[in-house]
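So the structure is just underneath, and the comments pick up after that.
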Ligand SMILES: *[C@@H]1O[C@H](CO)[C@@H](O)[C@H](O)[C@H]1NC(C)=O
Ligand SMILES: *[C@@H]1O[C@H](CO)[C@@H](O)[C@H](O)[C@H]1NC(C)=O
Ligand SMILES: *[C@@H]1O[C@H](CO)[C@@H](O)[C@H](O)[C@H]1NC(C)=O
Ligand SMILES: *[C@@H]1O[C@H](CO)[C@@H](O)[C@H](O)[C@H]1NC(C)=O
Ligand SMILES: *[C@@H]1O[C@H](CO)[C@@H](O)[C@H](O)[C@H]1NC(C)=O
């Protein structure tokens, strides 16, 4: 705490001097050093990056993906953003993915089980149920289920691809098929449906992306545009090498940080 106060006091003194000059560089460079960040009025927004020793303890960036197995936008997001980003960042441990195969489905209680109606019809429910059962069969371990989901979703027909994708991952198709066709699958998908319906703000688009449990239009548009940069930007610790990757070699190419005249 004391170190933090001293750190911010130093920042403040540095800032008082630097603020007399103007901000003459492109937004991409605003967090490059304390002087520039101060001149450009973005020091608080850059503090975690400039002073990682004072940053809040770096915690894993939680990425939540609420989607539907046959929705074209979900398929595009999984195959062009989620899976490639996971491949690039999985060794760094800075990201933790949880997927929720349900989306805009509806559920209706039927005795002790549940019936589902899916946006793209019964085959989509079948796909969602298979993916829910796949997740449970792999103990929700992203490393084990995500490549299979990618295999399904990148196929011309994700439902038809389920069996070969699951078999080639060394998993037991018969047991996943039994789960997806019965009460176990319904129980699993019901839980995911409850989690989906509890979202705040309410899901009105799929895929629906949350970062550390939060969803805004801005988060959503950045996630579908460049999830890799979004996760790297969100991570508060020292950026791993896998984050120094974008066109400019800096994980800060979005105009996330707006100029501000605020004196702090
Ligand atoms: C990843 O998320 C899962 C589910 O939310 C959680 O159980 C797990 O502890 C998280 N792992 C890390 C490293 O944060
Ligand atoms: C649930 O689905 C079964 C099989 O299609 C049907 O017989 C049953 O009436 C449905 N239950 C409800 C509550 O809609
Ligand atoms: C997977 O996660 C769901 C939701 O948290 C949980 O209900 C289920 O028990 C988990 N499955 C396993 C095998 O851990
Ligand atoms: C696959 O699962 C089925 C149904 O649970 C089971 O009968 C069978 O023994 C399993 N096969 C293997 C190779 O574990
Ligand atoms: C989820 O997997 C666990 C561990 O294999 C199993 O005990 C449980 O029955 C499964 N849950 C459902 C609803 O299939």
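Numbering (our numbering), first residue to last: 55 to 318.
Every residue gets a Cβ at the ideal spot worked out from N, C-alpha and C, and that includes glycine.
Own chain residues within Cβ distance below 6 Å of residue 180, not counting five before or after: 213
Closest residue to residue 219 among 230, 205, 232 (Cα-Cα distance): 205
Inter-residue spacing [alpha-carbon to alpha-carbon] between residue 78 and residue 178: 52 Å
Burial state of residue 269, where buried means 16 or more other Cβ atoms lie within 10 Å: buried
Straight-line Cα distance separating residue 159 from residue 143: 31 Å
For residue 298, three-class secondary structure by DSSP: coil
C-beta contact flag for residue 278 and residue 121 at 8 Å: no
Bounding residues of the beta strand (DSSP E) (the contiguous stretch that carries residue 116): 115-121
Whether residue 194 touches residue 155 by CB criterion (8 Å): no
Selection from 286, 103, 210 that minimises the alpha carbon distance to residue 88: 103
Whether residue 153 touches residue 203 by CB criterion (8 Å): yes
Sufficient close CB pairs (3 or more, under 8 Å) joining the region 226-241 to the region 163-171: yes
With 16 other Cβ atoms within 10 Å as the buried cut-off, status of residue 97: buried
Any non-hydrogen atom of ligand 5 within 7 Å of residue 233 CB: yes
Candidates 149, 112, 84: closest to residue 285 by CA position: 149
Element boundaries [beta strand (DSSP E), containing residue 173]: No beta strand (DSSP E) contains residue 173, which DSSP labels as neither H nor E.
Contact test: residue 193 Cβ vs ligand 3 heavy atom, cutoff 7 Å: yes
Residue burial classification, residue 90 (beta-carbon count within 10 angstroms, cutoff 16): buried
N- and C-terminal bounds of the beta strand (DSSP E) containing residue 201: Segment 196-207 is the alpha helix (DSSP H) holding residue 201; no beta strand (DSSP E) there.
Limits of the beta strand (DSSP E) - the one that residue 86 falls within: Per DSSP, residue 86 belongs to no beta strand (DSSP E) and is neither H nor E.
Burial state of residue 298, where buried means 16 or more other Cβ atoms lie within 10 Å: exposed
Reduced DSSP category for residue 73 - H, G, I as helix; E, B as strand; rest coil: Note that residue 73 scores a pLDDT of 48, beneath 50, so its modelled location is shaky; the value from the coordinates is reported in the next line. Residue 73 falls in the coil class under three-state DSSP.
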